[in-house]
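Some notes on the structure that comes next.
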Amino acid sequence: YSSRSESTMVTTLHLPLLLLSALVAFCAASESSKLSSSSQETLGGLEDADIHEEGVRQAIDYSVGVYNQENNNLYYSRVRRVVRARQQ
Numbered sequence: 001y002s003s004r005s006e007s008t009m010v011t012t013l014h015l016p017l018l019l020l021s022a023l024v025a026f027c028a029a030s031e032s033s034k035l036s037s038s039s040q041e042t043l044g045g046l047e048d049a050d051i052h053e054e055g056v057r058q059a060i061d062y063s064v065g066v067y068n069q070e071n072n073n074l075y076y077s078r079v080r081r082v083v084r085a086r087q088q
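Here UniProt numbering is used: the first residue of the sequence shown is 1, the next is one more, and so on.
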């Protein structure tokens with residue numbers, strides 16, 4: 001019976017040590033990313049897109065079209081100006 005309680009105690013000590021090591025690794029990675037150049041883009045992050053690009057224009061047209069279909073109004077909305085476009 002004592003070997004079972006010792007095994008449980010060892011197992012319960014592994015979890016906090018695992019969490020502590022994960023926290024240390026996360027903090028180290030966070031600090032190293034802060035030290036790297038600020039011009040480096042984050043993987044999967046947002047970046048500016050050219051508003052004249054065909055894909056951006058299609059996304060704008062689609063969005064306004066869906067808005068006009070869902071909006072129960074006598075007047076249709078249209079795009080007057082694009083301030084900024086971003087892509088992932």
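Ideal placement from N, C-alpha and C gives every residue a C-beta, glycine not left out. Here the structure is a predicted model, which is why all the values come from computation and not from measurement.
Under the three-state reduction of DSSP, residue 88 is assigned to coil, being neither helix nor strand. Take the alpha-carbon of residue 22 and the one of residue 43: they are about 21 angstroms apart. In this structure, residue 56 places its C-beta atom within 8 angstroms of the C-beta atom of residue 85. Under the criterion of beta carbons closer than 8 angstroms, residue 60 and residue 79 qualify as touching, at roughly 6 angstroms. With respect to residue 77, residue 66 sits apart: the two C-beta atoms are not nearer than 8 angstroms. Excluding sequence positions up to five before and after residue 81, its CB lies less than 7 angstroms from no other CB in the same chain. Judged by beta-carbon spacing, residue 54 lies beyond the 8 angstroms limit of residue 87, meaning their Cβ atoms are not closer than that value. In the DSSP secondary-structure assignment, residue 50 is not bridged to any residue. Under the three-state reduction of DSSP, residue 67 is assigned to helix.
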